[in-house]
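Data first, discussion second: the structure below is written as structure tokens.
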Amino acid sequence: MLPNMNKISSIFLSHSSKDRFIIEPLARDLMQCGVKVWLDEAELELGDSLIERIGDAIAEIDYLGVVLTKNSVKSEWVKREVEIAINFEINQRKVKVLPLLFDSCKIPVFLSTKVYADFKKNYPIALKKLIKKLRAQPSKLWGQVFNLDISCSIL
Numbered sequence: 043m044l045p046n047m048n049k050i051s052s053i054f055l056s057h058s059s060k061d062r063f064i065i066e067p068l069a070r071d072l073m074q075c076g077v078k079v080w081l082d083e084a085e086l087e088l089g090d091s092l093i094e095r096i097g098d099a100i101a102e103i104d105y106l107g108v109v110l111t112k113n114s115v116k117s118e119w120v121k122r123e124v125e126i127a128i129n130f131e132i133n134q135r136k137v138k139v140l141p142l143l144f145d146s147c148k149i150p151v152f153l154s155t156k157v158y159a160d161f162k163k164n165y166p167i168a169l170k171k172l173i174k175k176l177r178a179q180p181s182k183l184w185g186q187v188f189n190l191d192i193s194c195s196i197l
């Protein structure tokens, strides 16, 4: 049975609070394409336990997009969020962490073997690659590569 090629996944955007100016346009663009985006500043409420709510969110969402910038690679919160997601990735044996490069920075060792979307080099192409990944689709099926047409108003 073929998977649903139109299902859109959810993504938790892990980022430094200093990079809010990067996150807001990315979140808006993803939501315009129907992606469910989890942002801490939008989802957390007064009195929430940060660790509990963020841990629950990472467990529930399909992917964690780690926004790589000079600020985020120094952030302890981003490191914790990525560690949680990588543990899920290892236990579930499927990709959960998606590196999203927005700045010239040193990519952490534990992400260095992953293919990343290079938003720094070309935002529209990186966004299209990310949207394609977020669609429930196999990269190969019976030796045939699917070339999906990503269609939403911003692409």
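Just so you know, we're using this note's numbering here: the sequence shown kicks off at 43 and counts up by one.
Ideal Cβ positions, reconstructed from N, Cα and C, are used throughout, including at glycine.
Because the structure is a prediction, the values reported are computed rather than measured.
Can the beta-carbon of residue i be found closer than 7 angstroms to that of residue j?
| i | j | result |
| --- | --- | --- |
| K136 | L106 | no |
| I201 | W80 | With the chain running from 43 to 197 in the structure shown, residue 201 is simply not present. |
| S154 | S58 | no |
| S20 | V108 | Since the first and last residues shown for the chain are 43 and 197, residue 20 lies out of range. |
| K170 | A159 | no |
| I126 | G97 | yes |
| P141 | K121 | no |
Taking residue i and residue j to be in contact with their CB atoms under 8 angstroms, please state how far apart those CB atoms are, rounded to whole angstroms.
| i | j | result |
| --- | --- | --- |
| F161 | A99 | Not quite, the Cβ-Cβ distance comes to about 22 angstroms (not below 8 angstroms), so this is no contact. |
| L110 | I149 | 6 angstroms |
| D61 | N113 | 5 angstroms |
| L176 | S51 | 5 angstroms |
| F130 | A101 | 7 angstroms |
| F152 | I167 | Their Cβ separation, rounded to whole angstroms, is 25 angstroms, which puts F152 and I167 out of contact at 8 angstroms. |
Mind checking who residue i pairs with in its DSSP beta bridge?
| i | result |
| --- | --- |
| I53 | V79 and Y105 |
| D160 | L143 |
| L110 | L143 |
Between which two residues does the alpha helix (DSSP H) carrying residue i extend?
| i | result |
| --- | --- |
| P67 | R62 to Q74 |
| L172 | Y165 to L176 |
| F130 | E118 to Q134 |
Check whether chain C comes within 7 angstroms of residue i, counting only Cβ atoms and requiring the distance to be less than that.
| i | result |
| --- | --- |
| E123 | Among the chains of the structure shown, chain C does not appear; only one protein chain is present. |
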